[in-house]
Structures are given as structure tokens and as C-alpha cells.
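Student: Residue numbers (our numbering), protein chains in the order written: chain A, 30 to 225; chain B, 110 to 453; chain C, 187 to 286.
Beta carbons are placed, not taken as given, at the ideal position from N, Cα and C, and that holds for glycine.
Keep in mind it's a predicted model, so treat the numbers as computed, not measured.
Could you have a look at this structure, given as C-alpha cells, before my questions?
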Amino acid sequence: MITVLFVAFAAILVVSSLLVILHRSPVTSALFLVLAFCSLAAIYLLLHAEFIGLVQVVVYAGAIMVLFLFVIMYLNLGQDVESGATVVLRRGLGWLLGAALVAEGALLLAGRLAPGPAAPPALAAAAGAGNTQQIGLLLYSRYLFPFEITSIILLVAMIGVIVIARGLREAAPAEPAAASAPAGAAAPDDAPGEDA
Amino acid sequence: MNGMTAFFRDSTVQIAFWGLVKIVVILFVMLGVVAYLTFFERKIAGHIQSRPGPNLVGPWGLFQPLADILKLFLKEEFIPDRANKILFHVAPILAVAPALTSFAVVPIGPDFIVTDVNVGLLVFLAMSSLGVYALTLAGWSSNNKYALLGGLRSAAQMVSYELALGLSTIGVILLAGSLSLVDIVHAQSGAFTLGPLALPRWFVFTQPVAFVIFLVCAFAETNRAPFDLPEGESELVGGFHTEYSSMKWAMFFLGEYMNMLTISSITVTLFLGGWNGPWLPDSLKFLWFFGKLFALIFLFMWVRWTFPRLRYDQLMAFGWKVLLPIALLNVLATGTAVYWVGNR
Amino acid sequence: MIPLSWLLLLSAVLFCIGVIGVLVRRNAIVIFMSIELMLNAANLAFVAFARHLNSLDGQVFVFFVMTVAAAEVAVGLAIIVNLFRLRETVFVDEINLLKG
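In C-alpha cells form, the structure reads like this:
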């Protein structure tokens with residue numbers, strides 16, 4: 030039963046990822062990527078990773094892809110129309126290199142696709158601590174340092190995005206100090222409440 | 110014959126069958142409730158504005174929703190010429206589907222829940238994240254610059270307020286010790302007693318700040334009340350549903366009320382004690398749930414017809430610069446309190 | 187029970203699709219999406235091993251990868267938006283000011 034579900038979701042995943050890279054309109058590519066992420070989340074649920082599966086939907090499908098769609102619509106990108114000899118040459122080369130990678134992967138996995146030993150039974154969900162609690166216990170003990178670093182990454186990214194996206198609109202000479210200040214320094218003025 | 114009874118006695122089939130029954134019941138009840146919510150909205154709006162509201166169709170106007178549905182079915186359907194046909198048709202469906210899916214994890218009564226997922230709250234957050242796509246795709250596929258602007262604005266608004274929404278629930282999770290909505294409801298049973306007085310152990314009393322933040326974000330997530338600029342532009346142009354007519358527009362409308370219903374159910378479950386309440390036996394406790402639910406929906410409608418609309422930059426500034434820091438401080442305070450109380 | 191080799195095969199296929207996407211497409215945003223595909227392929231491998239080795243470290247790693255991916259997407263898209271304002275295009279072939 031689980032295998033059937035897995036094969037179904039894996040098929041949806043592979044087909045929608047192929048359509049992501051093959052379709053000409055960026056909006057459709059983005060929507061197929063959302064579908065791919067949702068089926069990947071279903072596969073995570075089948076692998077008893079409930080927290081990660083739902084966080085995948087919330088973060089990837091619900092926030093990152095919305096950001097992608099937002100930028101595509103904001104820039105009003107139409108279909109990708111390319112033609113010419115260089116395009117065909119470049120595409121051919123790309124597919125060739127991709128085929129080389131696939132061949133390498135097939136070589137590595139050849140003859141090793143037998144199922145192998147059965148996995149040990151699922152981590153003790155019945156022992157009271159569910160998946161989320163166990164991840165939390167790990168996260169705040171062994172992985173505390175990476176956790177703190179990740180929060181700093183997010184803070185730096187947020188500041189960086191605000192500075193970059195504000196970029197050209199403010200007159201550059203007006204605040205050379207603020208623009209060149211290291212990311213840790215606080216910006217002297219508020220970014221105006223902006224739309225996109 | 111024996112094989113068939115054995116099939117029906119198999120536990121997986123039993124779970125699937127009763128799950129299906131519950132799903133069908135919830136679906137029909139909620140769709141009926143949503144239809145009559147439109148009627149109640151107009152009645153409440155009328156009385157707030159010192160007029161009676163619709164009262165011609167049937168006794169006290171109670172058959173108004175039926176008349177509305179009939180009208181919407183019979184209206185002519187326009188599809189703009191260069192609209193993206195597939196997305197245009199899919200967007201209204203996306204407005205309703207995630208909201209309905211969230212009902213699978215809401216505990217309506219002590220035994221009445223479709224499935225008790227141990228990460229139930231995350232399911233709700235995931236579905237509300239997916240609900241953003243409906244408005245964005247509606248705006249994009251209409252091939253209309255006003256629709257696009259409305260769609261983009263509502264997407265930005267919903268994503269921004271989702272952050273404070275999620276953060277405000279962390280306090281509740283800390284107090285209940287679990288992400289499962291059933292556990293959260295159980296954690297709110299009982300009461301604080303002080304002599305003859307008893308205060309129910311609901312999280313609205315132990316997490317008042319989180320409750321207010323959650324409610325404000327709920328208004329913003331459902332594009333309602335003071336935060337309905339993306340669609341309130343319909344008073345001026347059209348917002349994301351400019352180009353939609355007849356049943357597709359009805360689906361958006363339905364989706365908005367369904368969203369309201371879903372988020373109210375989650376608020377009741379998280380903060381108002383779910384189905385907990387005195388004087389009723391376990392089999393009737395779902396009446397408490399529905400009572401609190403309708404009280405909250407009345408609040409939604411009351412707020413809508415009382416407050417003026419927020420301007421878009423005020424809206425975004427409020428979500429990012431006010432609600433988000435307060436929600437973070439609430440998490441900090443709750444965590445400190447839980448640790449202090451637990452380690453005395 | 188899902189065999190580990192199937193999961194790794196799926197992860198490899200997804201990764202290759204991502205690589206092909208980066209090599210073949212010239213729209214910066216689609217290239218970005220292919221990079222996200224590659225990241226998710228790695229995530230799938232992590233979760234697969236977490237399941238089969240009965241250890242939750244894989245899932246914690248996925249948590250970090252997702253967070254970093256979110257930050258990277260935000261910054262990358264901001265750069266692309268800025269680039270679009272400058273050069274009116276998101277095709278990486280036409281952003282060749284530094285070309286000798």
C-alpha cells in the first residue's frame with residue numbers, strides 16, 4: 030500500500046519537475062514546481078517525517094514559491110522565446126552534459142537496486158515523544174550552534190534583501206555611509222512600507 | 110460472503126469508511142453553514158446600519174441564500190479573451206479546497222474528528238499558506254492590470270500576516286506541550302477555581318496577547334474586516350476578482366466565508382477551549398464548539414461593519430513592525446514563564 | 187516499506203533534472219527554480235537515510251537546508267529584481283557587461 034502510494038507520488042514528482050524545466054512560461058514552471066514540492070511533502074509523510082513534510086509545504090510551497098510567483102508577476106515575464114543556431118547548440122550541449130550526469134548516476138546505481146535489508150521499525154512514536162518533539166530535543170542540544178548560526182543567516186538575509194531591493198530608488202550620494210556600512214550596523218532610517 | 114464481512118471488519122477499512130462518513134457530514138454541514146453565513150452577514154450589516162437587511166424572501170428573509178444561489182447559477186459567465194484559461198478555472202477551486210481540508214484536523218467534539226494528526230496545527234498552517242495561490246493566480250490569469258495589482262497586494266498581505274499568525278500559536282504550543290489539536294483542547298479542560306468563582310482554563314486567559322495577535326492576523330488572512338483593501342478595491346475597480354462572474358465569483362465568495370469559518374474554528378480550538386464547556390454530556394459537547402464558533406463569526410462580521418479600511422502601507426507596516434515583534438516577545442515571555450514554573 | 191535504493195534513485199533523478207534545468211534554460215528565474223530542485227533532491231536523500239538508519243539527524247539537517255534555501259531564494263530574487271531594473275532582461279545570456 031505504502032509502496033503504491035510512493036510510486037504514485039514519485040511519478041508525479043518526476044513528471045512535474047520535468048515540466049518545470051521544459052515549459053516555456055515561467056509562471057507555469059513555478060506552478061509545476063509547487064506541485065513537485067507538494068508531492069515531495071507527501072513522500073516525506075510516507076517516510077514518517079511528519080514535521081519536515083508539513084514544514085516543506087509551509088516554507089517551500091507556501092512561502093518560497095509565492096515569492097517566486099510574486100517576482101515573476103511583478104517583472105511581468107512572458108513566455109521564453111528563443112530561436113537561432115546558438116540556442117540549439119547551447120541546448121544540445123546542455124542536454125549532452127545532463128545525459129552524461131544521468132549515465133554516471135546509472136553506472137553508480139547499476140546492480141544495486143535490490144531492496145536490501147529491511148529498515149528498522151519506525152522511531153518510537155508510541156514512546157510518547159512524537160516526531161516534532163524528538164527533532165526539537167536534537168535541535169536544541171546537539172545542533173544548538175548551527176541553529177543559532179541559521180538565525181543569524183536569516184537576519185543577515187533579511188537586512189541584505191531590504192538593502193538590495195531598495196537599491197536604485199534612493200539617491201546614492203544621500204547615504205553613502207549607510208550603503209557601505211557592514212550588514213551588522215543598523216540602518217539609520219526606516220525602509221518605507223513598500224509593496225513588492 | 111464470509112470474505113466480504115471479513116473485508117468490512119478489517120480495521121483499516123473501518124477507519125477509512127468512518128473517516129469518509131465524517132468527511133461527508135462535515136462537508137455538507139459546512140457548505141450549508143457558509144451559505145447561511147452570507148445571509149447572516151447581510152442581516153447583521155443591516156442591523157448595525159439601522160436597517161432590516163434582506164427580509165422579503167421567506168420568513169425573515171431566511172430563503173435569501175437559495176435565491177442568491179439560483180441567481181448566480183443563471184448569470185451569464187464571462188471569460189476574458191486572453192485570460193490564461195486553465196489558471197482562470199483553477200483559481201476559484203484553490204480558494205475553497207485548502208480551507209475545507211483544514212477541517213480534517215479540527216476536533217468538533219470529544220470523539221468527532223476526522224483524523225487526529227499529531228501535527229494538526231501544522232496542517233492548518235500549511236493549508237493557509239496554500240490559500241495564497243488562489244488570489245495570486247486569479248489576479249494573474251485575468252489579464253487585467255487591476256486584477257494583477259489586487260492579487261499581488263493580497264498575496265503580500267497574506268504572506269506577511271502568516272508569520273505573526275504562526276508565531277502567536279507558539280505560546281499555545283508551549284503551554285499545551287503538543288502540536289496536536291486534540292491535545293490542545295484537552296489541555297484546556299478544567300478550570301481555575303478561586304472559592305466559588307471558576308475561570309475556565311482556556312488559553313485566551315493565559316495567552317491574551319497571543320489571542321489578540323491571532324485574531325488580527327485572522328482578519329488579515331481572510332482578507333476581511335479592516336484588511337480588505339485587495340478586494341475592497343472592488344468598491345472602486347475590482348481587485349483580484351474583477352473578471353470573474355457567476356459561479357466562479359460565487360466560489361471566491363464561498364472560499365472567503367469558508368476561510369473565515371476555518372480560521373474561526375482554529376481560534377476556538379486554540380484559544381477558546383474547543384468543545385470544552387460545563388453542563389453538557391460528552392455526546393453534546395459539539396454544541397459548545399458551534400456556539401463559540403458562531404460567536405467568533407459574529408465578531409468577524411461586527412468588526413467588518415464597524416472599522417474603516419486600512420491603507421495598504423499602513424497594513425504592511427503594522428504586520429511587520431508591530432505584530433511580528435510583539436509575537437516574538439510573547440514567545441520569549443511564555444517560554445520564560447513555562448521554564449520558571451516548571452523548574453521551581 | 188520503501189526500499190532505500192528507490193529513494194536514492196528518485197533523489198538522483200531529481201538532481202539530474204535540476205542540473206539539466208540549469209544548463210539548458212536561460213531564464214534566471216527558471217535557473218533558480220532548478221537550483222531549488224537540486225536542494226530538494228538532497229533533502230530527500232537526507233530524509234531517506236534518516237528513515238533507514240533510524241536517526242533523526244537527517245531530518246534536522248533538512249530543517250537547516252530549508253532555512254538556508256529560503257534565505258538564499260530571498261536574496262537571489264532581490265538581486266534578479268535589481269538586475270531587471272538595470273538591464274530590462276532576466277536572460278543570463280544578455281547580462282554580459284563584463285564580457286571581454
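Quick check on B/L234: buried or exposed, where buried means 16 or more other Cβ atoms within 10 Å of its Cβ?
Tutor: Taking the first residue of the second sequence as 1, we reach residue 234 of chain B at position 125. Classification of B/L234: buried, given that the 10 Å Cβ count is 16 or more.
Student: For B/N164, name the three-state secondary structure that DSSP assigns.
Tutor: What you label residue 164 of chain B is simply residue 55 of the second sequence in a count that begins at 1. If DSSP states are grouped into helix, strand and coil, B/N164 belongs with coil.
Student: Could you have a look at B/F197 and say whether DSSP puts it in helix, strand or coil?
Tutor: Start at 1 with the first residue of the second sequence, and residue 197 of chain B comes out as number 88. Reduced to three states, the DSSP call for B/F197 is helix.
Student: Could you tell me if B/D292 is buried or exposed, where buried requires 16 or more neighbouring beta carbons within 10 angstroms of its beta carbon?
Tutor: Along the second sequence, read from residue 1 onward, the residue named residue 292 of chain B stands at position 183. Answer is buried; the Cβ neighbour count reaches 16.
Student: With DSSP as the reference, label B/N227 as helix, strand or coil.
Tutor: Against the second sequence, residue 227 of chain B aligns to sequence position 118. Under the three-state reduction of DSSP, B/N227 is assigned to coil, being neither helix nor strand.
Student: Nearest to A/V95 by CA position, among B/F116, B/V133, B/F301 and B/V268, is which residue?
Tutor: The residue labelled residue 95 of chain A in the question sits at position 66 within the first sequence. Of the residues B/F116, B/V133, B/F301 and B/V268, the one whose Cα lies closest to the Cα of A/V95 is B/V268.
Student: Using a Cβ cut-off of 8 Å (strictly closer), state whether C/M219 contacts chain A.
Tutor: As a working mapping, residue 219 of chain C is identified with position 33 in the third sequence. Yes, C/M219 lies at the interface with chain A (some Cβ there is under 8 Å from its Cβ).
Student: For C/T253, does the count of other Cβ atoms within 10 angstroms reach 16, so buried, or fall short, so exposed?
Tutor: Here residue 253 of chain C refers to the residue found at position 67 when the third sequence is read from its first residue. If you draw a 10 Å sphere on the C-beta of C/T253, you find 16 or more other C-beta atoms in it, and that means buried.
Student: What is the residue span of the beta strand (DSSP E) that B/F301 lies within?
Tutor: Translated into positions along the second sequence, residue 301 of chain B becomes position 192. Per DSSP, B/F301 belongs to the beta strand (DSSP E) from A300 to L303.
Student: Mind checking if A/A92 is an interface residue toward chain C, Cβ cutoff 8 Å exclusive?
Tutor: The count along the first sequence starts at 1 and reaches residue 92 of chain A at position 63. With 8 Å as the cut-off, A/A92 counts as an interface residue toward chain C.
Student: Which residues in the same chain have their Cβ closer than 7 Å to the Cβ of A/F49, if we skip the five residues on either side of it in sequence?
Tutor: Working through the first sequence from its first residue, we reach residue 49 of chain A at position 20. Looking at the sequence itself, residue 49 of chain A is Val, so the reference to Phe does not match. The residues are S58, F61, L62 and A65.
Student: Just to make sure I have the definition right: I need the residues of chain C whose C-beta is within less than 9 Å of the C-beta of A/L48. Which are they?
Tutor: Here residue 48 of chain A corresponds to residue number 19 of the first sequence, with the count starting at 1. Under the 9 Å cutoff, chain C gives no residues; its nearest Cβ is about 10 Å from A/L48.
Student: In angstroms, rounded to a whole number, what distance separates the CA positions of B/P417 and B/G275?
Tutor: Translated into positions along the second sequence, residue 417 of chain B becomes position 308. Translated into positions along the second sequence, residue 275 of chain B becomes position 166. So the alpha carbons of these two residues sit roughly 26 Å apart.
Student: Closest to B/S251 by CA distance: which of B/S354, B/F117, B/G128 and B/I124 is it?
Tutor: Start at 1 with the first residue of the second sequence, and residue 251 of chain B comes out as number 142. It is B/S354 whose Cα lies nearest to the Cα of B/S251.
Student: State whether the segment 81-90 of chain A contacts the segment 236-254 of chain C, with contact taken as three or more CB pairs (one from each stretch) at a distance under 8 Å.
Tutor: yes
Student: Along the segment 110-137 of chain A, what residues have a CB closer than 7 Å to any CB found in chain C?
Tutor: E111, R120, G123, W124, L126, G127, L130, V131 and G134
Student: Considering only DSSP beta bridges, list what B/F323 is partnered with.
Tutor: For this step, residue 323 of chain B is matched to residue 214 along the second sequence. For B/F323, which the question treats as bridged, DSSP gives no partner whatsoever.
Student: Applying the criterion that 16 or more other CB atoms from any shown protein chain within 10 Å of the CB defines a buried residue, is B/Y448 buried or exposed?
Tutor: Position 339 of the second sequence, counted from the start, is the residue given in the question as residue 448 of chain B. So B/Y448 ends up on the exposed side.
Student: Is the shortest distance between the beta-carbon of A/T161 and the beta-carbons of chain B less than 8 Å?
Tutor: Locating residue 161 of chain A in the first sequence gives position 132, counting from the first residue. A/T161 counts as touching chain B.
Student: Could you check the C-alpha separation between A/P202 and B/Y421 for me, to the nearest Å?
Tutor: Within the first sequence, residue 202 of chain A is the residue found at index 173, counting from 1. Within the second sequence, residue 421 of chain B is the residue found at index 312, counting from 1. Any answer about A/P202 is weak, because its pLDDT of 45 lies below 50 and its placement is not dependable; what the coordinates show is given next. A/P202 and B/Y421: Cα-Cα distance of roughly 30 Å.
Student: Taking C-beta pairs closer than 7 Å, name the residues in chain A that B/L257 reaches, listed in chain order.
Tutor: If you number the second sequence from 1, residue 257 of chain B lands on position 148. What B/L257 touches in chain A: M102.
Student: Tell me the DSSP secondary structure of B/P434 in three-state form.
Tutor: Taking the second sequence and counting its residues from 1, one reaches residue 434 of chain B at position 325. Per DSSP, reduced to three states, the secondary structure at B/P434 is helical.
Student: Looking at the secondary structure, which residues open and close the alpha helix (DSSP H) in which A/A71 lies?
Tutor: For the purposes of this step, residue 71 of chain A is taken as residue 42 along the first sequence, with counting starting at 1. Unbroken alpha helix (DSSP H) run through A/A71: P55 to L75.
Student: Rounded to the nearest angstrom, what separates B/R413 and B/A329 at their Cα positions?
Tutor: Position 304 of the second sequence, counting from 1, holds the residue named residue 413 of chain B. Position 220 of the second sequence, counting from 1, holds the residue named residue 329 of chain B. Going by the C-alpha atoms only, they are around 11 Å apart.
Student: Kindly give me the distance between the Cβ atoms of B/Q297 and B/G400, rounded to whole angstroms, as I take these residues to be in contact under 8 Å.
Tutor: In the second sequence, residue 297 of chain B corresponds to position 188, counting from 1. In the second sequence, residue 400 of chain B corresponds to position 291, counting from 1. With a Cβ gap of about 15 Å, B/Q297 and B/G400 do not count as contacting.
Student: I need the straight-line Cα distance from B/I406 to B/F212, nearest angstrom please.
Tutor: Looking up residue 406 of chain B in the second sequence gives position 297. Looking up residue 212 of chain B in the second sequence gives position 103. Cα-Cα distance, rounded: 16 Å.
Student: Any beta carbon from chain B within less than 8 Å of A/V33's own beta carbon?
Tutor: Along the first sequence, read from residue 1 onward, the residue named residue 33 of chain A stands at position 4. Taking Cβ atoms only, chain B never reaches closer than 8 Å to A/V33, which makes this a no.
Student: For B/A192, which of helix, strand or coil comes out of DSSP?
Tutor: Taking the first residue of the second sequence as 1, we reach residue 192 of chain B at position 83. Here B/A192 sits in coil by DSSP.
Student: Which residues of the segment 67-96 of chain A have a Cβ closer than 9 Å to any Cβ of chain B? Give them in chain order.
Tutor: Those residues of the segment 67-96 of chain A that come within reach of chain B (Cβ to Cβ, closer than 9 Å) are C67, A70, E79, F80, G82, L83, V84, Q85, V86, V87, V88, A90, G91, A92, M94, V95 and L96.
Student: Please state the DSSP three-state secondary structure of B/F221.
Tutor: The residue given as residue 221 of chain B occupies position 112 in the second sequence. Of the three classes helix, strand and coil, the one that applies to B/F221 here is coil, per DSSP.
Student: When the distance is taken between beta carbons, is B/K394 closer than 8 Å to B/G229?
Tutor: Along the second sequence, read from residue 1 onward, the residue named residue 229 of chain B stands at position 120. Along the second sequence, read from residue 1 onward, the residue named residue 394 of chain B stands at position 285. Cβ atoms of B/G229 and B/K394: not closer than 8 Å.
Student: Ignore the nearest five residues each way along the sequence and tell me which others in B/N332's own chain have a CB closer than 7 Å to its CB.
Tutor: Along the second sequence, one-based indexing puts residue 332 of chain B at 223. Hits under 7 Å: S263, P339, E340 and E365.
Student: For a test of the three-state rule: what should DSSP assign to A/L166, helix, strand or coil?
Tutor: Indexing the first sequence from 1 puts residue 166 of chain A at position 137. In the structure shown, A/L166 sits in a helix (DSSP, three-state: H, G or I).
Student: Restricting to Cα atoms, I'd like to know which of B/F126, B/Q423, B/L146 and B/K184 is closest to B/F362.
Tutor: To locate residue 362 of chain B, count along the second sequence from 1; it is residue 253. Among B/F126, B/Q423, B/L146 and B/K184, the Cα nearest to that of B/F362 belongs to B/L146.
Student: Residues of chain B with CB under 9 Å from A/F99, in chain order?
Tutor: For the purposes of this step, residue 99 of chain A is identified with residue 70 of the first sequence, where counting begins at 1. Within chain B, the residues near A/F99 are T245, L261, A264, A265 and V268.
Student: Taking a contact to mean a Cβ-Cβ separation below 8 Å, would you say B/L283 touches B/G444 in this structure?
Tutor: Translated into the one-based positions of the second sequence, residue 283 of chain B becomes position 174. Translated into the one-based positions of the second sequence, residue 444 of chain B becomes position 335. Yes.
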